[in-house]
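>
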Ligand code: NAD
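In this note's numbering, the protein residues as written are 62 to 560.
If you want it as C-alpha cells, here you go:
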C-alpha cells in the first residue's frame with residue numbers, strides 16, 4: 062500500500078498523527094494509497110516554517126517572483142501527461158478532462174506573471190501643498206487554502222499562484238480524496254525556483270482545517286467546497302480575525318427559449334450536465350425549457366444523446382465521455398436522490414440505475430439519468446446532486462424560468478439559450494447569479510476575469526483569480542508624505558560651519 066506524505070519545508074514528510082484516509086481508484090473501487098491526516102502540531106510546524114521563509118520571499122522583487130511562475134508554467138507543460146495521469150487515477154475523470162483541469166490552473170499562473178503590473182499602487186501628486194499620497198499593496202504573510210476533490214489541480218492553482226505572486230507563503234490543505242497532484246505541484250514549483258517553505262501541502266481532514274482556521278499566524282483562508290462547509294469556514298475563520306473567501310455548491314439552471322437552436326442546446330446540455338460525471342460546480346443540473354412544445358422538442362433531442370453516452374475508466378481512452386464518481390458514498394447519495402425524485406413524482410426518462418461495467422463491477426460508476434416534470438418542491442431540485450443526473454423543470458414563460466433561477470438558494474452559474482438578443486440581455490442584467498452564459502452552457506470566466514457565485518454559492522466579498530485575487534492576497538497601505546522645504550530654498554554656497 063502506497064503511503065502518501067505531506068510536503069513541508071521543501072520535503073516530503075511522513076504523517077505522524079497515526080491517522081490516515083483511504084485514497085481510492087474510483088474505477089475499480091480499490092484503495093490505492095493512504096493519505097496522512099495531519100494533527101494540529103503538524104500544521105503548526107508548517108506555519109512556523111512558512112512564517113520564517115515569507116519575509117525573504119516578500120523582499121524578492123515582483124519581477125523575479127514572476128519569473129519563478131514563468132518557469133513553473135514550462136514545467137507544468139513538460140509534465141502535463143504525468144500530472145493528468147495521476148489526476149485521473151485518483152479522481153476518475155477522463156484524461157482530456159484532467160488536462161483541462163491542469164490547463165485552467167496553468168492559465169491562472171500565466172495571469173499571475175503580471176504581478177509587477179498588478180501590484181502597482183496608486184499615486185496622487187500634490188494631494189495638498191507639498192503633499193503626495195500613495196498606496197502600496199503588501200502581502201499578508203502566511204495564507205492558507207482548503208480545496209475540494211473535483212478540481213485537484215485547477216483550484217489549488219487558483220489560490221496559490223496569486224498568493225505566492227503577491228509575496229505570501231501559502232499552506233494548501235487539499236482534498237483527502239485526490240492529494241497526489243497537489244503534492245506534485247508543490248514539488249514542481251520548487252523546481253521552478255520557489256524557495257522552500259513558501260508553498261507547503263498539509264494533508265488532512267477537519268482537524269487540519271480547524272487548526273488552520275484557529276491559527277493566529279495565518280492571515281487569510283481561501284476555501285472551495287460544499288456550501289455547509291463553506292459557511293462554517295467563513296464564520297469560524299472570520300471569528301478568528303481572518304480574511305476569508307469561501308465558495309460553495311451550486312444548482313445551475315439553463316433556460317432554453319422556444320427560438321433556441323434545439324440541437325445546439327441539447328448538445329450543450331449533455332456536455333454540461335454529464336461531463337466529469339456531473340461533478341463540476343459549473344455543471345448544468347437543471348434544464349428549464351420555456352413552453353410545452355419547447356420541452357417536448359428538447360426531451361426528444363436529449364434522450365438519444367444521453368443514451369449514447371459512454372461511461373468508463375480513463376484508461377479506456379478517448380471513447381469515454383465520463384468516468385466514475387469519486388466515492389462509493391457519493392454514488393449511494395446520487396442513487397438515493399434519484400429514488401426520491403421518482404417517489405416525489407418526477408418522470409425518469411433515462412434510467413441509469415442499473416448501469417454496470419464488465420470488469421469494473423466494484424467501481425463507482427453511475428449511469429446517466431434524465432428527469433422530466435421536476436417541480437420546485439422536490440429534493441432533486443432543491444439539493445445539489447453532484448452526479449450525472451439532469452432535471453427538467455418546464456416553465457410556462459420566460460418570467461417563470463427567470464424566477465426559478467432567481468429563487469434558488471444557489472447562484473453560481475446559469476445560462477440561457479436563445480437567438481433573441483433582447484431576451485438574453487434582459488436575462489444577463491436581471492438574474493441574481495454570479496456567472497452567466499449566453500448560448501454558452503458552462504460560463505467559467507478565463508483567468509484574467511474573476512470567478513465567483515452569488516447567494517449561498519459564495520461567502521466573502523472578493524472572487525477567485527483575476528484582479529480580485531491580487532486584492533484578496535494583499536492589503537493596502539496608504540502613505541501621506543510631506544517633505545519640509547529643503548535645500549532648494551535655503552541653498553548655501555558657502556562652506557558652512559555646523560549649526
Ligand atoms: P467538501 O465540502 O466535502 O470538501 C471540501 C474541503 O473541505 C476538503 O478539503 C475537505 O477535506 C474539507 N472538509 C470536508 N468536511 C469538512 C468539515 N466537516 N470540516 C472542515 N473541513 C471539511 O467538498 P467536496 O466534496 O470536496 O467538493 C464538492 C463540492 O465543492 C460541491 O458542493 C461543489 O459544488 C463545490 N465546488 C464549488 C466550486 C465553486 O467555485 N463554487 C468549485 C468546485 C467545487
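Even glycine gets a Cβ: it sits at the ideal position worked out from N, Cα and C.
Could you tell me the distance, in whole angstroms, from the CA atom of residue 273 to the CA atom of residue 472?
Roughly 27 Å between the two C-alpha positions.
> Would residue 173 pass as a contact of residue 200 if the rule is Cβ separation under 8 Å?
No; because the gap between Cβ atoms is not below 8 Å, this pair is not in contact.
> Can you have a look at residue 556 and say buried or exposed, based on whether 16 or more other CB atoms are within 10 angstroms of its CB?
With fewer than 16 other Cβ atoms within 10 Å, it is exposed.
> Using DSSP's beta-bridge definition, name the partner residues of residue 305.
According to DSSP, residue 305 bridges with 282.
> Just checking residue 522 against the ligand NAD - is the residue's beta carbon closer than 7 Å to any of the ligand's heavy atoms?
Because no heavy atom of the ligand NAD lies under 7 Å away, the Cβ of residue 522 does not count as near it: no.
> Measure the CB-CB distance between residue 423 and residue 155 and report whether it falls below 8 Å.
No, the Cβ-Cβ distance between residue 423 and residue 155 is not below 8 Å.
> Put residue 218 into one of helix, strand or coil per three-state DSSP.
Here residue 218 sits in helix by DSSP.
> For residue 416, does the count of other Cβ atoms within 10 angstroms reach 16, so buried, or fall short, so exposed?
It counts as exposed.
> Can we say the segment 381-388 touches the segment 325-337, given the rule of at least three CB pairs closer than 8 Å?
Short answer: they touch.
> Among 446, 477, 390, 420, which has the Cα closest to the Cα of residue 85?
Checked all of 446, 477, 390, 420; the closest Cα to residue 85 is 390.
> With respect to the beta strand (DSSP E) encompassing residue 478, which residues constitute its N-terminal and C-terminal limits?
Residues 474-478.
> Rounded C-beta distance between residue 435 and residue 395? I'm assuming under 8 Å.
Contact flag wrong, Cβ pair sits at about 15 Å.
> Would you say residue 83 touches the ligand NAD, meaning its beta carbon is less than 7 Å from a heavy atom?
Answer for residue 83: no, Cβ out of range of the ligand NAD.
> Run the proximity test for residue 342: is its beta-carbon closer than 7 Å to any non-hydrogen atom belonging to the ligand NAD?
Correct: residue 342 has its Cβ closer than 7 Å to the ligand NAD.
> May I ask which residues mark the beginning and end of the beta strand (DSSP E) holding residue 138?
First-last for residue 138: 123-139, but that is the alpha helix (DSSP H), not the beta strand (DSSP E).
> If you draw a straight line from the C-alpha of residue 145 to the C-alpha of residue 210, how long is it?
Taking the straight line joining both Cα atoms gives about 14 Å.
> State the beta-bridge partners of residue 499 as determined by DSSP.
DSSP output for residue 499 lists 477 as bridge partner(s).
> Do residue 250 and the ligand NAD come close, with the Cβ less than 7 Å from some heavy atom?
Not under cutoff, so the answer is no.
> Are the beta-carbon atoms of residue 198 and residue 535 separated by less than 8 Å?
A contact, by the Cβ cut-off of 8 Å.
> Pairing CB atoms from the segment 207-224 with CB atoms from the segment 109-118, are three or more of them under 8 Å?
No: fewer than three Cβ pairs fall under 8 Å.
> Report buried or exposed for residue 431, applying the criterion of at least 16 other Cβ atoms within 10 angstroms of its Cβ.
Residue 431 should be labelled buried.
> Can you give, in chain order, each stretch of the beta strand (DSSP E) that sits fully within the segment 164-252 and has at least 3 residues?
Runs of the beta strand (DSSP E) inside the segment 164-252: 184-189, 192-200, 203-207, 230-234.
> Quick check on the burial criterion: 16 or more other C-beta atoms within 10 angstroms. Buried or exposed for residue 544?
Exposed, by the Cβ-count rule.
> Report the three-state DSSP secondary structure of residue 79 (helix, strand or coil).
Coil at residue 79, not helix or strand.
> Using the C-alpha atoms, what's the distance from residue 258 back to residue 161?
Going by the C-alpha atoms only, they are around 28 Å apart.
> Given this structure, state the Cα-to-Cα distance separating residue 230 from residue 312, to the nearest angstrom.
Distance between the alpha carbons of residue 230 and residue 312: 34 Å.
> Please determine if the segment 304-322 and the segment 514-527 are in contact, where contact requires at least 3 C-beta pairs separated by less than 8 Å.
Segments in contact, yes.
> Whose CA, out of 327, 513, 333, lies closest to the CA of residue 359?
Of the listed residues, the one whose Cα sits closest to residue 359 is 327.
> Kindly give me the distance between the Cβ atoms of residue 249 and residue 136, rounded to whole angstroms, as I take these residues to be in contact under 8 Å.
With a Cβ gap of about 5 Å, residue 249 and residue 136 count as contacting.
> For residue 500, which residues in the same chain have their Cβ closer than 6 Å to its Cβ, ignoring the five residues on either side in sequence?
Taken in chain order, the residues that qualify are 478.
> When you compare only the Cα positions, how much space is there between residue 178 and residue 122?
Whole-angstrom Cα-Cα distance: 12 Å.
> Let me know if residue 184 comes out buried or exposed under the rule of 16 or more other beta-carbons within 10 Å of its beta-carbon.
Answer is exposed; the Cβ neighbour count stays below 16.
> Quick check on DSSP: helix, strand or coil for residue 288?
Of the three classes helix, strand and coil, the one that applies to residue 288 here is helix, per DSSP.
> Per DSSP, which residues does residue 433 bridge with? Please list them.
In the DSSP output, where bridge partners are listed per residue, residue 433 has 408.
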